[in-house]
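Engineer:
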Amino acid sequence: MLVNAVFEGGGVKAVALVGAVKAAEEYGVRFHHIAGTSSGAIVSALLAAGYSADELIKLIRETPFTDFLPRSWLHRIPAVGPAIRLMIKKGMYSGQKLEHWIEKKLAQKGIRTFNQLPPGKLRIIASDISQGRLLVLPDGIASYGIDPAKLSIARAVRMSTSIPYFFDPVVLRKPPRTRRKGESFAEQFIYVVDGGLLSNFPLWIFDEENEKIPDDEQIPTLGFHLIGKKRGEPRVIRGPLTMFQALFATMMEAHDERYIEEQYRFRTIKIPTLGVKATDFDIKPEKSKELFESGYRAACAYFQKWSHQDYVACFNQFIRDKSKQTPA
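Each residue of the sequence shown is one higher than the one before, counting from -18 in this note's numbering.
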């Protein structure tokens, strides 16, 4: 069974996505086009490069997530060090370690740039906060004077995973042809951060292409959605950093949830995340195993009831309802 797959972002909770991928493989699912945001972009990139679920499990077991949080000399300054780094670099950690890790793992499959994948195989979501734009990579990078075909997949993943104030943003400089007359030096730079800021679960991303083809040729789009967010749970705000963290977490957990309701949930695999937070980088192996098993069980339950015929009927109904809501 050939499907398009969309993977939600969720930091270390992405371990559960791997469990769901394992179940999908056992049910004969093959991934046609793949999209993801944040940690979902990591899973998407590795799958697009040819990694299997078993290989992803091995990567998880051999790579402590804390490796992605190298401490600089600023972190060693008591009390104020992290705040100083945040003011200078606009993030607590660089994000380079994660980018280099992705780059290395992709290279082991002979993949580095988007042109080494089949056309349309991989799409990664990021957020341009300088211009308030959603970026769908690689194509979206063209407006910044960068050839989408030559864009490093690891760099695209880095953009998508740059949690605001946690990891440094990726900074791009506008090409001369796009700069306004009299634009200051500072205005020439674009800051790109976590795609979850604008769309943490881009379930919409393959709809347009499926609307244009006959029912029997439709490739279903299935979303791998991380649930179990503790709505209403108070977040303790002690200062500007914790305030922005709470703000970002609230946006990530809320805006796509409304969209999922509109999709009737017929194409969403809902995966409980057992109370694990996105930034629990020191997660214990036992909890990581529980997350994996949670994803595996959720996907098994979904595929046991799934049929292509039911999917097409639900999708066509969704398209009809959407067209009624769109002004003529």
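For each residue, glycine too, the CB sits at the ideal point set by N, CA and C.
From a predicted model like this one, the values you see are computed outputs, not experimental measurements.
Considering only residues of the same chain and omitting the five flanking positions on each side of residue 255, which have a CB-CB separation below 7 Å?
Structural biologist: Closer than 7 Å at Cβ, skipping near neighbours: 209, 271, 272, 275.
Engineer: With distances taken Cα to Cα, identify the nearest neighbour of residue 190 among 202, 180, 182.
Structural biologist: Checking every option, the nearest Cα to that of residue 190 belongs to 202.
Engineer: What would DSSP say about residue 109, mapped onto helix, strand or coil?
Structural biologist: Correct three-state label for residue 109: strand.
Engineer: Hey, out of 251, 264, 199, whose CA is closest to residue 295's CA?
Structural biologist: Comparing Cα-Cα distances from residue 295 to each of 251, 264, 199, the minimum goes to 199.
Engineer: Does the beta-carbon of residue 119 have 16 or more other beta-carbons within 10 angstroms, so that it is buried, or is it exposed?
Structural biologist: Counting Cβ neighbours within 10 Å, residue 119 comes out buried, since at least 16 surround it.
Engineer: Name the one or two DSSP bridge partners that residue 142 has.
Structural biologist: According to DSSP, which records beta bridges pairwise, residue 142 is partnered with nothing at all.
Engineer: Could you tell me the boundaries of the beta strand (DSSP E) in which residue 251 lies?
Structural biologist: Taken as a continuous stretch (DSSP letters only), the beta strand (DSSP E) holding residue 251 covers 249 to 253.
Engineer: Just the Cα atoms here: how many angstroms apart are residue 182 and residue -12?
Structural biologist: Using only the alpha carbons, I get a separation of about 7 Å.
Engineer: Counting Cβ pairs closer than 8 Å, one from the region 277 to 294 and one from the region -7 to 7, do we hit at least three?
Structural biologist: Yes, they touch.
Engineer: Taking the C-alpha atoms as reference points, what is the distance between residue 259 and residue 41?
Structural biologist: When rounded, the distance between both Cα atoms is 15 Å.
Engineer: As a quick exercise: from 168, 154, 150, pick the residue whose alpha carbon is nearest that of residue 126.
Structural biologist: Closest by alpha carbon: 154.
Engineer: How about residue 136 and residue 80: do their beta carbons lie closer than 8 Å?
Structural biologist: Yes; because the gap between Cβ atoms is below 8 Å, this pair is in contact.
Engineer: Closer than 8 Å is the cut-off here; do at least three beta carbon pairs connect the region 81 to 89 with the region 109 to 123?
Structural biologist: Counting Cβ pairs under 8 Å, fewer than three are found: no touch.
Engineer: Flag this pair as yes or no: are the beta carbons of residue 28 and residue 11 separated by less than 8 Å?
Structural biologist: Contact flag unset, no.
Engineer: DSSP three-state call for residue 393: helix, strand or coil?
Structural biologist: In the structure displayed, the chain extends from -18 to 309; residue 393 sits before or after that span and is not available.
Engineer: Look at the alpha carbon of residue 237 and the alpha carbon of residue 99, and state the distance between them as a whole number of angstroms.
Structural biologist: Residue placement at residue 237 is flagged as unreliable, the pLDDT there being 48, under the threshold of 50; the coordinate-derived value follows with that caveat. Whole-angstrom Cα-Cα distance: 28 Å.
Engineer: At which residues does the alpha helix (DSSP H) containing residue 278 begin and terminate?
Structural biologist: Run containing residue 278: 266 to 286, per the alpha helix (DSSP H) assignment.
Engineer: So, residue 206 versus residue 134, is the Cβ gap smaller than 8 Å?
Structural biologist: No, they are not a contact pair.
Engineer: What does the alpha-carbon distance come out to for the pair residue 159 and residue 169?
Structural biologist: Residue 159 and residue 169: Cα-Cα distance of roughly 9 Å.
Engineer: Once the 5 residues before and after residue 139 are set aside, which same chain residues still bring their CB inside 7 Å of it?
Structural biologist: Hits under 7 Å: 76, 79, 80, 151.
Engineer: Start and end of the beta strand (DSSP E) containing residue 116?
Structural biologist: It spans 114 to 118 - the beta strand (DSSP E) in which residue 116 sits, taken as one unbroken run.
Engineer: Please state whether the Cβ-Cβ distance between residue 34 and residue 284 is less than 8 Å.
Structural biologist: Not a contact, by the Cβ cut-off of 8 Å.
Engineer: Smallest Cα separation from residue 14: which of 101, 95, 288, 185?
Structural biologist: Of the candidates 101, 95, 288, 185, the one whose C-alpha sits nearest the C-alpha of residue 14 is 101.
Engineer: Tell me which residues share the same chain as residue 144 and place their Cβ nearer than 6 Å to its Cβ, disregarding the 5 neighbours each side in the sequence.
Structural biologist: Closer than 6 Å at the Cβ level, and outside the excluded window around residue 144, lie 175.
Engineer: Give the secondary structure of residue 125 by DSSP, where H, G and I count as helix, E and B as strand, and everything else as coil.
Structural biologist: Three-state DSSP puts residue 125 in a helix.
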